[in-house]
Each structure stands twice: as structure tokens, then as C-alpha cells.
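Participant: Per my numbering, the sequence shown starts with residue 1387, numbered consecutively. Think of the CB as a built atom: it goes at the ideal place given N, C-alpha and C, for glycine as much as any other residue.
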Amino acid sequence: MKKELSSCTAMLVGKNATIDGSTIIARDEDGEDGVNPKTFRAFPAKDYTGEEYTSAYNGLKVMMSGKGCRFTATPNGDPAIGRWDEQGINEFNVAMSSTETENTNPRVLGHDPLVKNGVNEDSMLYLVLPFIKSAREGVKRLGSLIEKYGTGETNGIAFSDKDEVWYFETAGGHQWVAQRIPDDCYAIAPNNMCIQEISFDDPNNFMYAKGIEKFVEDHHLNPYPGKFNFRKIFATENEADAYYNTPRTWYGQKLFNPSIDQEPTSQDMPFIRKPEKKIAIEDVEYFLSSHYNQTPFDPMGTYSSGTPDEQKRFRSIALDRNQSSCIMQIRNDVPAEYAAIQWINFGFYCYSPYVPFFTNINDTPANYAYATQDVQPEKSAYWMYKMFEVIVEPRYHEFINEVNAFRDDAQSYGVGRVDKITAGAKGKRGDDLINYLTQANMESAKHVTEEGRKLTTSLVRQTLLNSKFQFERGDNL
């Protein structure tokens, strides 16, 4: 079965590694083709008892039960091909991002094949996020679902709350492990398995499928007896990984550990590192919207010594298949009722802005909640920002300074909005607070959308004035 959404990049940051003490999980959602309209939605709390969930993507059926909480998500605009909720934060300030597409090696798949109608990316968030009150609970719930129903994909999934950040990886049809990211560290996750050494006697930092040790032992899967390196046992490590995946890890670690010298194609780079500086939201944004900036491998040709071969050598982070990028921030210096923020970027990430949306809300801005297959930039934030790619790319070096000025202004505005909304939230409770945050998000989206339309007008007018078909009387004299 073909997976419709893939090729994403993620970053996770512990609370002592961030500049303000927040926990952060963040991810770019990239599609196999250039178009997959996305929305931002808020789903109300409800009782799921008696609901039979059926995946429109692969036919998975799960009989659900229990009361679920309110949560945000970035689902597909067209539900006919499945939910694909992807990324969100629930009312208990637990964030979840699903998924990083990965690969299990053929030897493992021979013993534990993928399950055609298993729990896949399209269903994970809906089956987990409404029912958990901590990141650790998220790992346990998803793990139990994978063990019971299996999965048809190999994936990496991130969870966070105000204290902990976890990364969860599946392998084969039923195997999984999860590792807590140390509070003073960060991790980069491209489309290959990341988790390395597992400690089976450290439940504070590792969780795993029941029987995974026995599975590996019974089928003689461990090439390094005495250690349990999940990546070495279960992953693929081939030439495609070296050019498609590891360069993204290399670039992220180059940004946050510039003193360490590594090769972009190395398959031995560590998953987790302690950064050489505190990491801010802006740093995560820069990485997730980057294209090997200031290196010879930049496909935009911004580095003078980069040859045409070098510029096309590695898979870029920002590329045509970009759809939705989210940074989920749980703050620790404000009350829980307004601590959670989901920074959202639709479109081609290096041209469009991240907008901060508080998640203790009951609705989302109309143009962020709407996206169809029809190109409707006036109605849809997704399409307005996706259009930037069409306008800017043919004249990248001509337009990029104006685009970057727009993105910088949007970021400064977003930072100021977080301050202003946080100050205004003080003293508000219950529905009064929810309504306040909901309306504040509407105003934030309206402002950035208006500025985006001004940019579109400017760029289109400049393009129209530079047609190669211009001709004036006397030009042939």
C-alpha cells in the first residue's frame, strides 16, 4: 500500500535546552507530491464510547470507549482520504506529532511483516491524543495499540508535556521503542530510525514493546551481542539514507553544535546532543525552513562555491512537497491554562511565516480551517502561502529579500502577540479565557494574512512588469 504522506523532518528539545524553559516538539509535514491541502482545527471534548473508528485510508477498525478531551490538529482539507490529524495539543497540554516516515530492514520484516490494516499515520493522533494526560501516557497508549493491531508503516512519533519529551519508533508490524530526550538536550529526526542504545532497566528514560528482547534473540537479529542498538538491529542503512536522510541531521547538528566536525553522509551521527547554546523558537523555525543555507549544498545557489552537482546532492528540508510545519511549545513560566502554543507554517516553509496559536480554544481562524483541492488563496491560508512558491521560485534571488523581510516582520509580530495575549489572559478563567484566546488567535491570523496579501500584490506586480514579451515602439530601431 502506498503511503500518501511522507518525507518529514522533526526536532525535539528538552526544557533545559531551550532559552525560556519550554519543551518543544516540532515537525515538517511533507507530502509525496507538491499538493496536500492542510487545515488547523480545534476538536471538542466528547464521549467516544460506542464509536467504531474506521480509517478511510486503510480500513483499520477500532472500537473506542471513554471520554476524550479537547484537542487541536492539522488534518487534511479533504477527509475522504483519511483524517491525517498529524500534529496537535490537547487540553491537558500534551503535544503529539505523527509521524516521521522510516524504514525497517528486510531481515526484520521477514519475521514480523507490516500489517496492511494496522494503526498508521492517518489514525494515530485521533486514537491517542484525546485520551492522554502526559507524554508518558501517550507512549504507553500508542504502544498498546501497535501491539494489538499492528502497523502497516515504520514511523517515528513525538510526545511532550511541560516536563518531558519522548520519541517513539515502530519497527516491523508490532515492535516499538521509545526514549525520553534528556532535559538539557535536543534531537533531530529525518526519515530514518534514530534511537540507538536501549537500556531495559531504565523505565524513566526508555519504554518498549513487550517481548522485543525475545523477538530479537529468537530470530538472531542482533549483530552486536551484549548491546541493544535499536537502529543497528531494525533500521536500513543504505546509500539512499546517506543522501536523503543523514544530511538533514548533519545540518541541524551543524547549527546547534558548530564545533563538531561531521560528514553529511555519516550514518553514525548520534540521535541526541547537548546544544552549545540555548535553543529558541526562532532557531527551530530556521532549521525546519532551511535548505542547507550557507553551505555548498544549498539548491537555491546562495553559496558561491557550490557547484551544480553539490546543489542537487542532498534532499533539502525546504522543498516543493512542504505542506504544514508545526512547532508545539509548552511553556513553564506561565499558568497552564495558556501555556501551550502551536506555531503553524503552511506552504513552502522558507517563504511563509510561522504564526503562534494558543491551543486552549474552541475554534480556529476561518482561512486556517479551510482548504480544498481548488486553488483558493482568498479563502485558504494553505493556498495563499502555497502560491508563494509559484511566484518566488522563478525569481528567487530577486524576491527573497522582500520575502525574508515579511517573514521577519511576521515573527516579530508573533513574539509580540504572545506577550500581549499572555498579559491579557491573566485573571481570566474557564470559558471566558477560552473565548479570549480563541478571539486573539483570530486577530493574529488576520494581521499576518493581510500582510501576506500585501506581499503577494507586490510580487505579482513586479513579475508582471518584467515580462519578456515587453515591446515598445522604437525598440527595433
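Would you grab the beta carbon distance between N1753 and S1766 for me? Rounded to a whole angstrom, and I think it's under 8 Å.
Facilitator: Between S1766 and N1753 the Cβ distance is about 6 Å, and since that is below 8 Å, they are a contact.
Participant: Helix, strand or coil, according to DSSP, for G1496 in the structure here?
Facilitator: G1496 falls in the helix class under three-state DSSP.
Participant: Is it buried or exposed for N1852, if we count other Cβ within 10 angstroms and need 16 for buried?
Facilitator: Result: exposed.
Participant: Per the DSSP calculation, I1574 is bridged to which residue(s)?
Facilitator: Partner(s): M1397.
Participant: What three-state label does DSSP hand Q1797 in the structure shown?
Facilitator: Helix.
Participant: Are R1469 and Y1512 touching if we call contact CB-CB under 7 Å?
Facilitator: Against a cut-off of 7 Å, the Cβ pair of Y1512 and R1469 comes out as a contact.
Participant: Which of the three DSSP states is assigned to T1635 in this structure?
Facilitator: Helix at T1635.
Participant: List the residues that DSSP assigns as beta-bridge partners of W1470.
Facilitator: The partner list for W1470 (beta bridge, DSSP) is empty, contrary to what the question assumes.
Participant: Helix, strand or coil for E1583? Go by DSSP, reduced to three states.
Facilitator: In the structure shown, E1583 sits in a strand (DSSP, three-state: E or B).
Participant: With F1857 as the anchor, note down where its beta strand (DSSP E) starts and where it stops.
Facilitator: It is not in any beta strand (DSSP E) - F1857 carries neither H nor E in the DSSP assignment.
Participant: Applying the criterion that 16 or more other CB atoms from any shown protein chain within 10 Å of the CB defines a buried residue, is Q1825 buried or exposed?
Facilitator: Classification of Q1825: exposed, given that the 10 Å Cβ count is below 16.
Participant: Can D1416 and R1707 be called in contact, C-beta distance under 7 Å?
Facilitator: In this structure, R1707 lies closer than 7 Å to D1416 by Cβ.
Participant: Based on DSSP bridge pairs, tell me the residues matched to E1486.
Facilitator: In DSSP, E1486 forms a bridge with G1542.
Participant: Let me know the secondary structure DSSP gives Q1848 once reduced to three states.
Facilitator: Three-state DSSP puts Q1848 in a helix.
Participant: Closest to T1808 by CA distance: which of V1551, E1723, Q1759 is it?
Facilitator: Closest option to T1808, Cα to Cα, is E1723.
Participant: What does the Cβ neighbour count give for V1525, buried or exposed, with the cut at 16 atoms within 10 Å?
Facilitator: By the neighbour-count rule (16 or more Cβ atoms within 10 Å), V1525 is buried.
Participant: So does the segment 1521 to 1537 actually touch the segment 1449 to 1456, counting three or more Cβ pairs closer than 8 Å?
Facilitator: With a cut-off of 8 Å, the segment 1449 to 1456 and the segment 1521 to 1537 do not count as touching, because too few Cβ pairs lie within range.
Participant: For A1544, tell me which candidate among C1712, D1587, G1452 has the shortest Cα-Cα distance.
Facilitator: Of C1712, D1587, G1452, the residue nearest in Cα terms is C1712.
Participant: Return yes when the C-beta of P1423 is under 6 Å from any heavy atom of the ligand MN, and no when it is not.
Facilitator: In terms of ligand content, the structure shown is empty, and the ligand MN therefore cannot be addressed.
Participant: According to DSSP, simplified to helix, strand and coil, what is F1673?
Facilitator: Helix, per DSSP.
Participant: Contact defined as beta carbons within less than 8 Å: I believe S1441 pairs with D1549. What is the distance between those atoms, to the nearest angstrom?
Facilitator: Wrong, their Cβ atoms sit about 32 Å apart, outside the cutoff.
Participant: Tell whether a beta-carbon distance below 7 Å holds between T1375 and T1540.
Facilitator: Summary: the structure shown does not reach residue 1375, with the chain confined to residues 1387 through 1863, and so no result is reported for it.
Participant: Would DSSP call A1431 helix, strand or coil?
Facilitator: A1431: coil per DSSP, three-state reduction.
Participant: Report yes if the CB atom of N1462 is closer than 7 Å to the CB atom of L1515, and no otherwise.
Facilitator: Not a contact, by the Cβ cut-off of 7 Å.
Participant: If we call anything under 7 Å between Cβ atoms a contact, is P1685 one with R1634?
Facilitator: Their beta carbons are not under 7 Å apart, which means P1685 does not touch R1634 by this criterion.
Participant: Find the nearest neighbour of S1645 within the set Q1653, I1658, E1662, judged by alpha-carbon distance.
Facilitator: It is E1662.
Participant: Nearest to P1656 by alpha carbon, out of T1460, S1675, E1583?
Facilitator: The candidate whose alpha carbon is nearest that of P1656 is E1583.
Participant: If I measure Cβ to Cβ from Q1648 and keep anything under 8 Å in the same chain, skipping five residues before and after, which residues do I get?
Facilitator: Around Q1648: W1636, Q1639, K1640, M1655.
Participant: Answer with buried or exposed for P1650, where buried requires no fewer than 16 other C-beta atoms within 10 angstroms of its C-beta.
Facilitator: P1650 should be labelled buried.
Participant: Nearest to I1777 by CA position, among L1500, T1758, E1533, L1841, is which residue?
Facilitator: Of the candidates L1500, T1758, E1533, L1841, the one whose C-alpha sits nearest the C-alpha of I1777 is L1841.
Participant: Going by C-alpha distance, which of T1688, I1411, L1850 is nearest D1547?
Facilitator: For D1547, the nearest C-alpha among the options comes from I1411.
Participant: Candidates P1739, P1589, Y1737, F1743: which alpha carbon is nearest A1726's?
Facilitator: Here the closest residue by C-alpha is F1743.
Participant: Output needed for D1719: all residues of its chain with C-beta closer than 7 Å, excluding positions within five of it in sequence on either side, in chain order.
Facilitator: So the qualifying residues of the chain are D1406, G1407.
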